Each structure stands twice: as structure tokens, then as C-alpha cells.
Amino acid sequence: MKLLRCPVNGARPVSEFVYGGEVREMPGDACTDAEWADYVFNRSGIPGVKIEWWYHVASGTWFLAKRDVAADHVLQTWLPGEEVPE
Amino acid sequence: MAYQLLRFALASRHPETRMFRTPDRLGETYDVVVIGAGGHGLAAAYYLARDHGVRKVAVLDRGYIGGGNTGRNTTIIRSNYLTPEGVAFYDQSVSLWQDLAQDFDLNLFYSTRGHYTLAHTDSAVRTMRWRAEVNKHLGVRSELVGPEEVKRACPRIDLDCGGHAPILGALFHAPGAIARHDAVAWGYGRGASQRGVEIHQQTEVTGIDVEAGRVKGVHTTRGYVSTRKVLCAVAGFTPRVTHMVGIRTPIYVHPLQAMVSEPMKPWLDPILVSGSLHVYVSQSARGELVMGASLDPYEVQSTRSTLDFTEGLAAHMLDMFPFLSHVRVNRQWAGMADMTPDFAPVMGKTPVEGFYLDAGWGTWGFKATPVCGKTMSYTVATDRTHELIRAFSLSRFERYELTGEKGAASVGH
Ligand SMILES: Cc1cc2nc3c(=O)[nH]c(=O)nc-3n(C[C@H](O)[C@H](O)[C@H](O)COP(=O)(O)OP(=O)(O)OC[C@H]3O[C@@H](n4cnc5c(N)ncnc54)[C@H](O)[C@@H]3O)c2cc1C
């Protein structure tokens, strides 16, 4: 079983977590329909290190993870608002 | 025939005839370069040469023929989708499958088994009834059947599923079938090669030259080739290739895993799918159970497989078939599924002139191999979008015109 480190509860089995997708910047109110569609639908599909939302279901904790999506290797996890750990 | 056989028997050497030619070097220029020697790319090349007279075609693959999702899939062929455009498209594919083996002079082990989607709850029964009615309205052979019919078609099933998920009925789709995936790739590959198409394995596309919005050529690990038309049919690698031409798409990549058991005497005739238990299963001509579950829950861009998957799927298989408890799992593997938000493909022209896409085939594209070849070869040869794929254009997202093809959910195929 793969383990993921919740910033609050420590290392837990990955089955306790839900993936929330890559962190993306929401365009402002002034954006065009095309920019909004790009935000809603398009994804950075290429592999690499990405920052993603994850949710620890048992404790209701949303947090951020830096993960290499080719190797499926989690580099760091932290709470929103916290400084990104080095 | 008899004479040939006799000559063969008396000959001292029996060289293997090759399925396709292996040219030793890339040409300098082609009319069309197809990226990806999976079923889709090879089928498009085959129909380009056969139906459209385009002969200078090169199919390039970073690995080997059929080594992508084509050779990793569980080969379920059906057409009980939900939208008119989906049904029309897959129906055409199922009818193309019927004479493909004749066309190729190759046994594809196409085997019509009947496809049952099991319902374990009242609400699932209602959904199945709805799907049956929509299908019938669209001219697809689907009907709702009761548990006794499931038992008749598959006597070894435990209708109670261990007591916690009793089977209340099923959506029955008579044309549901399976086929030999490798043979499909080889058949198209051989047919294309016989008509002059070059197939270059171990040739990875590393860049695409675009000038003034038009395709100019392709960089590969074996040199540069110039071409004005590129067809991208690379399944789970699609985002990497669209990145080369600067096109953004909604495609995201999750692994889809599968496994097979050791071979057994035939006992499972139909194809069974259970959405609630995350299982689909059929028995191959070799007697192995070919099993799959749902998509992995998060993005991974590799073909790693996991023990969690095997354990989960095996447990659900035992709910349905307790007598399998001593049967061994022989192999497991994964493919990279190129998923879209509306479970429909992305096909046709793109904002870059001369760059055509056949992608977003996720967990359900094997069944569509022939019709994709047909429609994409037409689109590439004439630079006009084929009627059957109009609803699948990349620009539908910009127009907020998604197709809503839920019939292709990641369990169900
Ligand atoms: C486990 C699993 C089960 C499935 N079950 C079913 C099913 O039951 N029914 C069904 O209809 N569908 C199923 N599918 C989906 C189906 O397998 C695919 O949609 C279909 O095979 C895609 O075919 P393709 O030819 O487009 O891609 P592929 O067969 O993946 O071929 C793409 C090729 O492109 C090559 N390539 C990639 N990048 C490059 C590059 N830069 N340069 C050169 N070559 C490159 C790859 O090496 C690969 O050979 C399943 C998929 C999986 C993974």
C-alpha cells in the first residue's frame, strides 16, 4: 500500500485520500469566454513535477502536494497558507 | 493449396514470412506522417493507402507495433452508447469489424459473446431500463433482463454476490464481442505495408516544425522528415505531442490496469460488467479470464501497476464467482488512458493546419479502431472533417458543447 503524508495526520495509506487535481490559477471576471473555457477544460497534460490538491477523507483535511506524476513520487506536502517546505 | 503444402513439407528451409517490411532508413519526405503504430494509426495508414490512394505514408512508433494501449486492452467491442452521435459512430465500427478478418485474410478471433451490464440496486435497474430504451430508440440491440436470464447465460455466477450486492437485473447487448488485439494491429500493419506504407518502429517523434500555423516537418530520434500532414494517434502520449505544436487540450492521463488468470476450460461465455463491483470480465479463446476494473483515481504518466488493484479486483471477482478462490492470477499490467471530460474522443482538424488528432480514446477506443481509421483517413486525405466525427472536434470545449457520453464510463467499456 502506498503511503501519503497528510500535513496534519502524518503518513496514511493512499486509499484514505482523494485527489483534487492540479492547482490552477482562476482567471479574473474580465476574462473572455475562450479564456474561461481554457481554465475550465484544458489541462497541462505533460508529465513533470506538479502541485496538486489532495484531501484526507478521514479527517477532512485539504492540503497541497508536490508530486512527480511520471514516477508517482510525492516530494512535499503542506497546508494551504503555509510556507512551502524546502 | 495441396501443392503448396507438399512443397512446403519437402523444402529443407522454412523461413518465416514477415508480416510487414522493415525499411532500414527513414525517407526525406512523406505525404503523411502518422505518429503511433497502434491500431488507430495503422488503420488510418491502411485506409489512406487503400481508399484514398495516398501512398507516401510513414507510420512512426517510439516502441513497437501494438505495444501501446492496443496491446494492453481487454478488447471489449460494443455499441450501446447513449448519444445519437456516439451510437452512430460505434455502430459503424461494429459493422466494419464483421468483415475485417476477410479483408486482412487473418484470423482476428472476433467472437460475439453478448454483453451483460449487471445492476445490483433498484436505481441501477432504472438506469439500465433507461439505457435500453434510449438504445432501442437509436436502433441498437439492448434490452433489460432479469436475474434468471443472467443465471441462464452464466450458470456459475453467485446471483447474491456474497449477500451484499445481489444482482437484480442486467442490460443485455447481444452484439457485444471480443477480438484478438495483436492481430488487429498486425492485420492493419500488413495491409498497409503491402500497399506501400512504411512502418518505422523504434522511431520516436521528438518535435514538430510549424511555420506560419502550418506543419512543415517532424524531428525524430532517427532524423528529420519533411511533411505537410501529421496524424497524431498516440493515446496516453497525446499531451506530450500536442505540447510540441503548442495546442492545449482537456486530455488528462490516468492509468487503467488489467490482469489475466491462468487458463481454464471454457465456462464463461458472455462478457460481464458490474459497475457497482468495479469488475468486467470475459474468457479468452485461450481460456484465461481477462479482467479489468476502473480507472486509477489520480494522474500517473507511466505504466506501473499496483498490488492494491489486484487485491481489490480479485475480491470483487470472488463476490461474483466464489468457486475461483484457488485460481491464480498470471499477469497484470497497465496502460495510460487519455481521458476527456465528456468521455468522448477528440478527433479531426486542429488550430494548426496539417496537424490532425485522433485522441481522447481513454478506456474505450479499441472497439473504435476500424471506424477511426476510416474517418481519420478521409479527414487527412481531403482536409475535410468526416461527418461521423463532427461532434468530436477539439473546438467543442471552447463552444461549451460537450457530448455527455456517460455510456462510456470508465467501467463498462
Ligand atoms: C487496460 C486497458 C483496457 C482497455 N479495455 C478496452 C476495452 O475493453 N474496449 C475498448 O474498446 N477499449 C479499451 N481500452 C482502450 C483502448 O486500448 C485504446 O483506446 C486504444 O487501443 C487506443 O489505440 P491507439 O492506436 O490510439 O493507441 P496505442 O495503441 O496506445 O498506440 C499509440 C502508439 O503511439 C506510440 N507513441 C507515443 N508517443 C510517440 C512519439 N512521440 N513518437 C512515436 N510514437 C509514439 C506508442 O509507442 C504507441 O505504440 C483499454 C485500455 C487499457 C489501457
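These protein sequences, in sequence, are chains C and B. The first sequence runs 204 to 289 under the working numbering. The second sequence runs -3 to 409 under the working numbering. The beta-carbon is built from N, C-alpha and C at its ideal position, and this holds for glycine as well. Everything numeric in this text was worked out from a predicted model, so none of it was measured.
With aspartate 354(B) as the anchor, note down where its beta strand (DSSP E) starts and where it stops. 351 to 355
Quick test of your reading: alanine 114(B) and arginine 125(B), contact by CB under 8 Å. State the CB separation rounded to the nearest angstrom. For clarity, residue 114(B) is leucine in the given sequence; the question names alanine instead. No, leucine 114(B) and arginine 125(B) are not in contact; Cβ-Cβ is about 14 Å, not under 8 Å.
Give a yes or no on whether 8 Å exceeds the smallest Cβ distance from arginine 208(C) to chain B. no
Assuming histidine 274(B) contacts alanine 254(B) (C-beta within less than 8 Å), just tell me the rounded distance between them. Not really, about 12 Å apart at Cβ, beyond 8 Å.
Considering only their Cβ atoms, is the gap separating alanine 355(B) from valine 376(B) smaller than 8 Å? no
Take the Cβ of serine 8(B) as the centre, count every other Cβ of all protein chains shown within 10 Å, and call the residue buried at 16 or more, exposed below. Residue environment for serine 8(B): exposed (fewer than 16 other C-beta atoms within 10 angstroms of its C-beta).
Quick one: does alanine 401(B) have its CB under 8 Å from some CB of chain C? Note that residue 401(B) corresponds to glutamate in the displayed sequence, not to alanine. No, its Cβ sits nowhere closer than 8 Å to a Cβ of chain C.
Rounded straight-line distance, which links the Cα of aspartate 304(B) to that of isoleucine 31(B): 34 Å
Any idea what DSSP makes of threonine 123(B), helix, strand or coil? helix
Where the alpha helix (DSSP H) through valine 55(B) begins and ends: Here valine 55(B) belongs to no alpha helix (DSSP H); instead the beta strand (DSSP E) covers 53 to 56.
Quick one: list the residues of chain B neighbouring isoleucine 249(C), beta-carbon separation under 7 Å, in chain order. Pro235, Arg236, His239
In whole angstroms, give me the CA-to-CA distance for isoleucine 247(B) and asparagine 245(C). 7 Å
Every unbroken alpha helix (DSSP H) inside the stretch 229 to 289 of chain B [4 residues or more]: 234 to 240
Expressed to the nearest angstrom, what Euclidean distance is found between the alpha-carbon atoms of glycine 34(B) and threonine 238(B)? 18 Å
In the DSSP assignment, the alpha helix (DSSP H) including serine 373(B) goes from what residue to what residue? Counting along the chain, the alpha helix (DSSP H) containing serine 373(B) begins and ends at 365 to 378.
Consider the C-beta atom of valine 230(B) and the heavy atoms of ligand 1; say whether any pair is separated by less than 7 Å. yes
C-alpha gap between serine 257(B) and serine 75(B), whole angstroms: Using only the alpha carbons, I get a separation of about 27 Å.
On the DSSP letters alone, give me the boundaries of the beta strand (DSSP E) that glutamine 328(B) sits inside. 325 to 335
Looking at valine 180(B): is its Cβ nearer than 8 Å to the Cβ of alanine 45(B)? Cβ atoms of valine 180(B) and alanine 45(B): not closer than 8 Å.
Listing by chain order, which chain B residues have their CB less than 9 Å from the CB of methionine 229(C)? The contacting residues do not exist; methionine 229(C) stays about 16 Å from chain B at best.
Starting from the N-terminal side, write out each stretch of the beta strand (DSSP E) that is 3 residues or longer and does not extend beyond the stretch 255 to 281 of chain C. 264 to 271, 276 to 281
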